[in-house]
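Asker:
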Ligand code: FES
Ligand code: FES
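In the numbering used here, the protein residues as written are 1200 to 1359.
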């Protein structure tokens, strides 16, 4: 076992982990943060995306020991004292989900996209950036419009 210390959703955490433990397993099974989903386990679906030091990363192909000393944000940590994050609210208001299985990863990817590419996002750019996130329900149109709306709302709220 190896001891790791990290910040998860703003709180310090220290754990003993088997070196083979995947970050997504650690989050779901040890910390009980089950909002991060597992859809494929092979880095294709994007259901497991979290932020590591602010960057979107697939937690199914990251070892827990790799995030020792880093800051991890999951979907549970995105909302603030003022309520839902603007991107979460945009998905809610623009019907950006059906079953919701892909949604945590979509939202974490979308927030990272806005941070990297700004608030004025074309539909084509959003679609290109979503190549690592699969949705089996929506047909993507409502996800794309949710992300565009969320990006604009983030600019207004100054919440990144
Ligand atoms: Fe990580 Fe599918 S579970 S990409
Ligand atoms: Fe069901 Fe995307 S809303 S998989």
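Glycine included, C-beta positions come from ideal geometry on N, C-alpha and C.
(1) Please report the distance separating the alpha-carbon of residue 1150 from that of residue 1344.
(2) Under a criterion of Cβ closer than 6 angstroms to any non-hydrogen atom of ligand 1, which residues qualify, in chain order?
(3) Please determine if the segment 1279 to 1296 and the segment 1224 to 1243 are in contact, where contact requires at least 3 C-beta pairs separated by less than 8 angstroms.
(4) What does the alpha-carbon distance come out to for the pair residue 1291 and residue 1248?
(5) So which of 1283, 1304, 1231 has the shortest CA-CA distance to residue 1179?
(6) Going by DSSP, what residues sit across from residue 1313 in a beta bridge?
(7) Going by C-alpha to C-alpha distance, which of 1206, 1245, 1214 sits closest to residue 1237?
(8) Measuring from the CB of residue 1296, is there a heavy atom of ligand 3 at a distance below 7 angstroms?
Answerer: In this structure, then:
(1) No statement about residue 1150 is possible, as the shown extent of the chain runs from 1200 to 1359 and does not include it.
(2) One residue list follows from the rule of a beta carbon closer than 6 angstroms to any heavy atom of ligand 1, given in chain order as 1237, 1238, 1239, 1240, 1242, 1243, 1244, 1245, 1246, 1247, 1257, 1259.
(3) No: fewer than three Cβ pairs fall under 8 angstroms.
(4) Within the chain shown, the letter at position 92 stands for residue 1291. Within the chain shown, the letter at position 49 stands for residue 1248. The straight-line gap from Cα to Cα measures roughly 19 angstroms.
(5) With the chain represented from 1200 up to 1359, any question about residue 1179 goes unanswered, as that position is not in the structure.
(6) Within the chain shown, numbered from 1, the residue matching residue 1313 stands at position 114. Within the DSSP secondary-structure output, residue 1313 pairs in no beta bridge.
(7) What you label residue 1237 is simply residue 38 of the chain shown in a count that begins at 1. Closest option to residue 1237, Cα to Cα, is 1245.
(8) This structure does not include ligand 3; its bound ligands are ligand 1 and ligand 2.
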